[in-house]
Amino acid sequence: MKNGNLSQNGEVCIEVSGLWKVFGSDAKEIINSEKRTASKESLLEETGCVLAVRDVSFQVNRGELFVIMGLSGSGKSTLIRCILRLIEPTAGKVLIDGEDICGYKSKRLIELRRHTTGMIFQYFGLFPHRSVLDNVAYGLKVRGVAREERYARAREVIAKVGLKEWESYPPSALSGGMQQRVGIARALATDPEILLMDEPFSGLDPLIRRQMQDELLNIQAEVQKTILFVTHDLDEALKLGNRIAIMRDGGIIQIGTPEEVITTPSDAYVREFVQDASPAKVLTAGNIMEQPNILLYEWQGPKAALHILGTTGLDNAFLVARTGKLLGLVTLKRLVELVQKGGSSLGEALEPDPLTCTPDMLLEDLFPLAASTEYPIPVVDDEGKFVGEVYTSTVLGSMIREKTEEAEAEAAKVEAGEVAAEETKTDV
Amino acid sequence: MFEFPEFLSIPLAEWIDAGMSWLLTNWAVFFDAVGSGILFGLLHIERFLLWLPWFVIVLLVGLLAWRVMRLWWAGLLMAVFLVLIGSFGYWDLSMMTLAIIIAAVIISLALGIPTGIIMARSNLVESIIRPVLDAMQTMPSFVYLIPALMFFGLGKVPAVFATIIYAVPPVIRLTNVGIRQVSPDVVEAARAFGSSPQQILFEVQLPLAIPSIMVGINQTTMMALAMVVIASMIGARGLGLEVLLAINRIEVGRGFEAGLCIVLLAIIIDRITHALASRQEYTVQT
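If you read the protein sequences in the order shown, they are chains H and V. Under this note's numbering, the first residue of the first sequence carries the number 1, and numbering increases by one thereafter. Under this note's numbering, the first residue of the second sequence carries the number 1001, and numbering increases by one thereafter.
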C-alpha cells in the first residue's frame, strides 16, 4: 500500500485496523483460515459466504475530509457502516478518539451515535411522517434535549442549508437536492465531531450534485468536522478529498492525496480509473458555463456602462442586442477611451474579432481558444444568442490535469502491457 | 381393503379432554377472576350506553361520522340508520350488542397490538404465531364456543371470549405487516442517530405502521360484529339472540328486522373506522 501513512501531521480521529466483514454463518472460521486470501468469487462458491470488507486499515485525522472511493460492490458502504457498527464487523478494530468502539456495550454505542457522529445517507433516510423541522431535530430529541431548545437549534441549521421556508413541510414535498439538505442539516444539528457520508450526492442530478459539493466544502470550511465520505465518482473524490482511499473487492488498494492518486496510481486498476476520469473528453462548454454578473445592452450609453462596470469592479462585460444576440465584448480600457472621445454608441468600444463557442463544444476543443485570450469566452446558441460564459481559468485548470494524466498514461502504457497480461480482465 | 392402520391412531381427543378437566379443576380461580373482570367492564359499558339518551348517541354518531368522513350527508345518513334501528324497536338490544363488540375490540387491541409488535421483531416468533392465527380464523367457532362455556359459564363473558378469538387475528397480522414494511433505510437512519430500540419502535416504526394498524382495527371490529350472532347461542342477549329466536319460531319478518339492524350497525361501524384508517394514510403520505 503506497503512501498509506502519508498524511498531514494531525491528530488521529478515526483509526481502522485489520477490519473484516464477511456475511455468512462461518465467517469467523474463514478469516482465521488460509481461505482469507481467496478471491471473493471462489469464497462465495466454496462457502456461500459473501466477503464485503477484507483487512482494511486506515487513519483519518481530525478535520480531514477522507474519501473512500470504489465501484458498487467494492464494500465501501459496508465499511462505513462498520465504523458505527450499524453492521457488526467480523474482525478488526475501529478506534474513535483512541477508544475501540467494537468493545462498547449497546448503551455506550448509542451514546457514541448520539454525541460523536452524524450520518448522511444516499437515499436520505428521512422520516416521512415528520416535518423537516422534526427531522432535523430528531438527533437532539433522542438525546433528550427539551423541545424549545432542539427546535431553536434545528431552525438555525435549517437556515444554514437554505431551507428556512420549508421547515413545516414533510420531506416528500421537497426535491431530491432539498431532501439531502435536510439530511445534512439533521446530521449537523447534533454538532457531531465526525460526519459519515454514504454516497450523499449520488442520487442527485449532475448540476445539483456539483452545487451540493461546493456547499459541503463551504460548510466544511466553517465547521471543520472530520468527514468520512464514500463515493463511486472519482471526480467527486478528487474535488472533495484531502485524501482518497480506493477500494476494490473489499480491500483498500491505494491511499493518497488526490494529487498522488492521479500522478502515481498504485496499479493498473487505479490507473484505469484515473484515465476514465478525463473531463476534457466528456464535459462541454454548456456544462461548465456560468451566468455573468452583469450584461451590457446595446441601448445603454457609454457613461451608464462605465458606471455599471465601476460599481461591480469588473473590467469587461458582454454586449447584447435587444433580441438577446451577442454583439461582442466591451472592455474597461476601450470604454474609457470611448467616453474620453465623447462617442455615443457602445458598439464602438467592442474588442475586435471576438471568440465564441457553442454549448456542445467539448472542453478539449476549448483549450486553444482559452489559451489565446485573457477574457471569458462567450457561449452562444445556434441563433447567435448569448447563453453564458466560460472562464479561461476553469478551462485551463482542467487542461493542466488532463496533460498530467496523458503523460502518465503514455509512460504507463509499456508497463501496463505487462500487467494486463497477468491481470485477467478486470471487468468491474 | 386398505383400511387405515389401527396402530397409527392418535387419541388427541382424549388428551384434550384430560387437559380440559385438569384446567377446570386447577385453574378455576383464574378463569373466574378473568371472567368477572370481563363482566365488570362489559356491564359498565352496557350500562353507560343504555344510560345515555338515544338522541345523544344519534347526535354523537352523526357528528363523528361527519368529522371523520368530511361529508355532512354521510353524518346525516349514519344518524338516520341509528334512528331506523330504534324505530324497529331494537334500540336496547343494539346497545347490548354494541357493548359486547366494544369490550371484545378493546381487549383484542390490548392483546393484538403488542403481539403484532413482538411478531414483527422476530422471524421465529412470526413463524410460530402465524399458524396459530390461521387456526383461530379457520377453526369452526362452535369448537371453542363450548369450552368457553365450560370455563366461563353461560352468558356474555364466553361470548366476549369467543369473539376475541375470532376477531383478534387481523389486528395482529396488520400490526406485524405495518411494522415490517417500514423502509429499512429509515430504520437505519434512526439507528445511526442513536435511537434506543424503544425509540425506534415508538418514534419511527409504530407511527409509520399506523395506517396498516388502523385497517387491522377496522377488520377486527367487523369480525367481532360478525361473531355476535353466533355468540348469542351461548346466551348473550342482543341482536343475535333475537335473530336466533325468530328463526326457531319461523318468524321471518322479525328475523329480518333484527338482521337488518345488525347490517345497519355494521355499516355505521365500518364506515367510521374505515374513514379513520384512510385518513391516517392520507396524513402520512402528504
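Glycine residues also receive a C-beta, built at the ideal position from the N, C-alpha and C atoms.
So with CB distances below 7 angstroms, who are the chain V contacts of M197/H?
The count along the first sequence starts at 1 and reaches residue 197/H at position 197. Residues of chain V passing the Cβ test: none, with the nearest at roughly 11 angstroms.
Sequence-distant residues of the same chain with beta carbon closer than 7 angstroms to I1267/V, five excluded per side:
Position 267 of the second sequence, counted from the start, is the residue given in the question as residue 1267/V. Within the same chain, I1267/V has close Cβ partners F1081.
From the DSSP output, read off the bridge partner residues of S1009/V.
Position 9 of the second sequence holds residue 1009/V. Looking at the DSSP assignment, S1009/V forms no beta bridge with any residue, so it has no partner.
N242/H in three-state terms, based on DSSP
By one-based count along the first sequence, residue 242/H stands at place 242. Coil, per DSSP.
According to DSSP, is F1002/V part of a helix, a strand, or is it coil?
Counting from 1 along the second sequence, the entry for residue 1002/V is found at position 2. Coil.
When the Cα atoms are used, what is the spatial distance from G431/H to P378/H?
In the structure displayed, chain H extends from 1 to 428; residue 431/H sits before or after that span and is not available.
Using only the alpha-carbon positions, how far apart do V1066/V and G1116/V sit?
Locating residue 1066/V in the second sequence gives position 66, where the first residue counts as 1. Locating residue 1116/V in the second sequence gives position 116, where the first residue counts as 1. A small correction: the amino acid at residue 1066/V is Trp; Val does not occupy that position in the sequence shown. If I take the Cα positions, the gap works out to 31 angstroms.
Could you check whether V1182/V and Q1205/V sit closer than 8 angstroms to each other, using their CB atoms as the reference points?
Start at 1 with the first residue of the second sequence, and residue 1205/V comes out as number 205. Start at 1 with the first residue of the second sequence, and residue 1182/V comes out as number 182. A contact, by the Cβ cut-off of 8 angstroms.
Quick test of your reading: L1024/V and M1150/V, contact by CB under 8 angstroms. State the CB separation rounded to the nearest angstrom.
In the second sequence, the residue the question calls residue 1024/V occupies position 24. In the second sequence, the residue the question calls residue 1150/V occupies position 150. With a Cβ gap of about 6 angstroms, L1024/V and M1150/V count as contacting.
Quick one: what does DSSP say S266/H is sitting in, helix, strand or coil?
Translated into the one-based positions of the first sequence, residue 266/H becomes position 266. Correct three-state label for S266/H: coil.
Starting from V1215/V and walking both ways along the alpha helix (DSSP H), at which residues does that stretch end?
Counting from one through the second sequence, the residue named residue 1215/V turns up at place 215. That run of the alpha helix (DSSP H) goes L1206 to A1231.
Between the stretch 1189 to 1212 of chain V and chain H, which residues of the former have CB atoms less than 7 angstroms from a CB of the latter, in chain order?
A1189, R1191, A1192, F1193, G1194, S1195, S1196, Q1199, V1204, P1207 and L1208
Inside the stretch 179 to 251 of chain H only - alpha helix (DSSP H) runs reaching at least 4 residues
206 to 223 and 234 to 240
Span of the alpha helix (DSSP H) holding V11/H?
Sequence index remark: in the first sequence, residue 11/H carries index 11 (1-based). Here the sequence assigns Glu to residue 11/H, which means Val is not the residue at that position. It is not in any alpha helix (DSSP H) - E11/H carries neither H nor E in the DSSP assignment.
Given 8 angstroms, three or more beta-carbon pairs between the stretch 105 to 119 of chain H and the stretch 38 to 51 of chain H
no
Quick one: any contact between the stretch 1068 to 1077 of chain V and the stretch 1129 to 1142 of chain V, if contact means 3 or more CB pairs under 8 angstroms?
no
Run down chain V in chain order and give the residues with a C-beta less than 7 angstroms from the C-beta of Y138/H.
Translated into the one-based positions of the first sequence, residue 138/H becomes position 138. In chain order: F1193.
Kindly confirm or deny that the stretch 84 to 102 of chain H and the stretch 35 to 42 of chain H touch, where touching means at least three C-beta pairs closer than 8 angstroms.
no
I want to know whether the stretch 202 to 218 of chain H touches the stretch 71 to 84 of chain H - three or more CB-CB distances under 8 angstroms.
no
Determine, for A1277/V, whether the minimum Cβ-Cβ distance to residues of chain H falls below 8 angstroms.
Numbered from 1 along the second sequence, position 277 holds the residue referred to as residue 1277/V. Chain H, which has no Cβ nearer than 8 angstroms to the Cβ of A1277/V, makes this no.
Where does K160/H land, buried or exposed, given buried means 16+ other C-beta within 10 angstroms?
Translated into the one-based positions of the first sequence, residue 160/H becomes position 160. It counts as buried.
What does the alpha-carbon distance come out to for the pair P192/H and Y138/H?
On the first sequence, residue 192/H is found 192 positions in, with the first residue counted as 1. On the first sequence, residue 138/H is found 138 positions in, with the first residue counted as 1. Going from the Cα of P192/H to the Cα of Y138/H covers about 14 angstroms.
Name, please, each residue of chain H whose Cβ falls closer than 8 angstroms to the Cβ of V1186/V.
On the second sequence, position 186 is the one that residue 1186/V refers to. Residues of chain H passing the Cβ test: G125, L126, F127 and P128.
For my contact list, I1272/V and L1064/V are in at a C-beta cut-off of 8 angstroms; report their separation, rounded to the angstrom.
Numbered from 1 along the second sequence, position 272 holds the residue referred to as residue 1272/V. Numbered from 1 along the second sequence, position 64 holds the residue referred to as residue 1064/V. About 6 angstroms; that satisfies the 8 angstroms criterion.
At 7 angstroms on the CB atoms, spell out the chain V contacts of V142/H, in chain order.
Counted from its first residue, the first sequence places residue 142/H at position 142. Under the 7 angstroms cutoff, chain V gives F1193, G1194, S1195 and Q1199.
Can you look up M1139/V in the DSSP assignment and give me helix, strand or coil?
Walking along the second sequence from the start, residue 1139/V turns up at place 139. In this structure, M1139/V counts as coil in the three-state DSSP scheme.
Quick one: what's got a C-beta closer than 7 angstroms to V60/H's C-beta in the same chain, skipping five residues either side?
Taking the first residue of the first sequence as position 1, residue 60/H is located at position 60. C13, I14, F66, T226 and L228.
Please state the DSSP three-state secondary structure of M1020/V.
Taking the second sequence and counting its residues from 1, the one referred to as residue 1020/V is at position 20. Helix at M1020/V.
Does I194/H come within less than 8 angstroms of chain V when only Cβ atoms are used?
Against the first sequence, residue 194/H aligns to sequence position 194. It does not; no Cβ of chain V falls within 8 angstroms.
Can you find a C-beta in chain V that's less than 8 angstroms from the C-beta of F273/H?
Position 273 of the first sequence, counted from the start, is the residue given in the question as residue 273/H. Output row for F273/H: interface = no.
Check this for me: beta carbons of M247/H and G70/H, under 8 angstroms apart or not?
If you number the first sequence from 1, residue 247/H lands on position 247. If you number the first sequence from 1, residue 70/H lands on position 70. Yes, they are a contact pair.
Interface partners of L86/H on chain V, CB under 8 angstroms:
Mapped onto the first sequence, residue 86/H falls at position 86. Correct list: E1188, R1191 and A1192.
From the beta carbon of M119/H, is the nearest beta carbon of chain V less than 8 angstroms away?
If you number the first sequence from 1, residue 119/H lands on position 119. Yes, because at least one Cβ of chain V sits closer than 8 angstroms to the Cβ of M119/H.
Mind checking if I96/H is an interface residue toward chain V, Cβ cutoff 8 angstroms exclusive?
Position 96 of the first sequence, counting from 1, holds the residue named residue 96/H. No - not a single Cβ of chain V is within 8 angstroms of the one on I96/H.
Of the residues that make up the stretch 245 to 264 of chain H, which ones have a beta carbon closer than 8 angstroms to any beta carbon in chain V?
none
Rounded straight-line distance, which links the Cα of P292/H to that of K333/H:
By one-based count along the first sequence, residue 333/H stands at place 333. By one-based count along the first sequence, residue 292/H stands at place 292. Whole-angstrom Cα-Cα distance: 19 angstroms.
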